[in-house]
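Residue numbers (our numbering), protein chains in the order written: chain A, 19 to 241; chain B, -4 to 250.
The structure appears below as structure tokens.
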Amino acid sequence: MAWLWNNLDLVLGLTLDHIRLSAIPILLGFAASLPLGWVATRVPWLRGVLLTVFNVVYTIPALALFVVLPGILGTKVLDELNVLVAMTLYATAMMLRGTLDAFGSVSGDVLQSATAQGYSSASRFWTVQLPLAGPVLLANLRVVSVSTVSLLSVAALVGSGGLGRLFTAGYSRSFIDEIVVGIVFILLLALLFDALLVLAGRLVLPWARRAKAPTSIPFVKVR
Amino acid sequence: MNFIVDAIAFILDPANWAGETGVGARLSQHLFITFLSVLIAAAIAVPLGLLIGHTGRARGAIIGITGAARALPTFGVMTLFVLIGIQFGAGLSLTPVIVVLVVLAIPPLLAGSYSGVEAVDRQTVDAARAQGMTEWQILTQVELPLALPLLVGGLRSATLQVVATATIAAYVAQGGLGRYLIEGIQTRDYLRAVVGAVLVAALALLLDGLLAALQRLVVPRGVSRGSARTKRSSPGTATRSSGTLEATRTPVTEG
Chain A
19 MAWLWNNLDL VLGLTLDHIR LSAIPILLGF AASLPLGWVA TRVPWLRGVL LTVFNVVYTI
79 PALALFVVLP GILGTKVLDE LNVLVAMTLY ATAMMLRGTL DAFGSVSGDV LQSATAQGYS
139 SASRFWTVQL PLAGPVLLAN LRVVSVSTVS LLSVAALVGS GGLGRLFTAG YSRSFIDEIV
199 VGIVFILLLA LLFDALLVLA GRLVLPWARR AKAPTSIPFV KVR
Chain B
-4 MNFIVDAIAF ILDPANWAGE TGVGARLSQH LFITFLSVLI AAAIAVPLGL LIGHTGRARG
56 AIIGITGAAR ALPTFGVMTL FVLIGIQFGA GLSLTPVIVV LVVLAIPPLL AGSYSGVEAV
116 DRQTVDAARA QGMTEWQILT QVELPLALPL LVGGLRSATL QVVATATIAA YVAQGGLGRY
176 LIEGIQTRDY LRAVVGAVLV AALALLLDGL LAALQRLVVP RGVSRGSART KRSSPGTATR
236 SSGTLEATRT PVTEG
């Protein structure tokens, strides 16, 4: 592991890149999935349309999406923006299904009681449905977070994959240590993000401390 | 969107299909790598998943494996295995690539077959046991048919994962549709890269669509009939049921 100590600056720099390039898509994907999920629960035909569209996006392999986006966005092939947009699309696609599950997990009786108590549609969403959907939202967000952190490394093939750069560099020099460092750091980063989300969940959802871990979630497609 | 039209024109030109580096050869390489890896993975994971689902033992192991697989960067594991393969004298052969793809395809298949069996109503299993069926008969004649939709769902995830990762494999091996992408990026030939992207995306969507159709097809007749009746009797909840998954969770209760 002498290589790690001699190249600590490089590894830490790439780690910061990795954090930026994965945290932004995770947060944007989460933020986008809430209104999309809300609309989908309100308008039945839109639910099918949104699920189909995002399933198609999700099915497209990452490397293909990285390459097609420049032609659509007018960016350069090696532009970091392509990676951010692609990862955000994947995060939204993964999260949307979770958001629908989360909103669906709130008992209809509770929602009807809220309406009967005089809640307006908007305040019912913000003060009843969203908080009650919180634990399931968090469980799905954790899955999205881990998947995004690991998938980002593919972007090294188009010049900006954060720690994934250690894979291309290590491979071209046939240097195994560098690749192992990359894998270990990505695993550590995934754990760190997960711990932060659990902590955030404790702060935002103090009543759900004994909520189930995401182990109850069926295996979502990952890449 | 001209660049996509150009790429499709390139793909439709028969001249580009011929030869060792033509579309035809690379497409068949990609399909061969995908099918072989998924087949090996299924031979390992499906019996294991069914067994764990039937006995209810080692469930924690499945949860751990699927969780860890999510965090593991596939691209890193791919380069690592190929370098290790070279050190052991395997050269630039396909073997390390296939090994990685098999390892990646196992978790979704394991989870699919396990959760398929676990989702079977315990009353149905008890009823089968009470009728005098042996454990083997229960597994193959009751649990397996009812588990098929979720099992095929796992197969679908695994295939998607392998098709996508086989694309990245072009970085370390010579074959597959990913070559167009890698060559295009390395030589700054955008059209070539888009050709690869369109082909790979089309292949992924096609396989996903086929497996989605298969997933619907394998729902046992008794189950689809049962769920249809439930839908009619309670129209309020009918719109909420999510097709095959719901159907597997509520197997024939009438006997």
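Ideal Cβ positions, reconstructed from N, Cα and C, are used throughout, including at glycine.
Here the structure is a predicted model, which is why all the values come from computation and not from measurement.
Apart from sequence neighbours up to five positions away, the residues of its chain that approach A/Ala187 with a beta-carbon distance below 7 angstroms are Glu196, ordered along the chain. Here the C-alpha atom of B/Val195 lies approximately 10 angstroms from the C-alpha atom of B/Ala161.
Under the 8 angstroms criterion on CB atoms, A/Leu205 is classed as interfacial with respect to chain B.
Judged by pairs of C-beta atoms under 8 angstroms, the region 101 to 108 of chain A does not touch the region 174 to 188 of chain B, as fewer than three such pairs exist.
The beta carbon of B/Ala40 sits closer than 6 angstroms to those of Ile101, Leu104 and Leu105, all from its chain and outside the five residues before and after it, given in chain order.
Every unbroken stretch of the alpha helix (DSSP H) spanning 4 or more residues and falling wholly within the region 48 to 135 of chain A is given here in chain order: 62 to 77, 80 to 91, 98 to 122 and 126 to 134.
For B/Asn(-3), the enclosing alpha helix (DSSP H) begins and ends at Asn(-3) to Leu7.
Per DSSP, reduced to three states, the secondary structure at B/Gly179 is helical. The shortest CA-to-CA distance from A/Phe211 to any of A/Ser168, A/Phe185 and A/Gly179 is the one to A/Ser168.
Under the 8 angstroms Cβ criterion, the region 78 to 98 of chain B does not count as touching the region 204 to 223 of chain A, having fewer than three qualifying pairs.
The criterion of a C-beta distance shorter than 8 angstroms is not satisfied by B/Leu141 and B/Pro91.
In this structure, A/Ser163 places its C-beta atom within 8 angstroms of the C-beta atom of A/Ile44. Taking a Cβ-Cβ threshold of 7 angstroms, none of the residues of chain B is close to A/Val124; the smallest such distance is about 13 angstroms.
Check the Cα spacing between A/Ser178 and each of A/Thr110, A/Asn25, A/Leu68 and A/Leu39: the tightest is with A/Leu39. Counting C-beta pairs closer than 8 angstroms gives three or more between the region 212 to 220 of chain A and the region 147 to 160 of chain A, which meets the contact rule. At a cut-off of 8 angstroms between beta-carbon atoms, B/Ala196 makes contact with chain A. Taking a contact as a CB-CB distance under 8 angstroms, the pair A/Val95 and A/Val176 counts as one, their CB atoms being some 6 angstroms apart.
A/Leu87 and B/Leu176 do not touch by the CB rule: their CB atoms are close to 13 angstroms apart, not below 8 angstroms.
The C-beta distance from B/Leu45 to B/Ser88 rounds to 32 angstroms, too long to fall under 8 angstroms, and the pair is not in contact.
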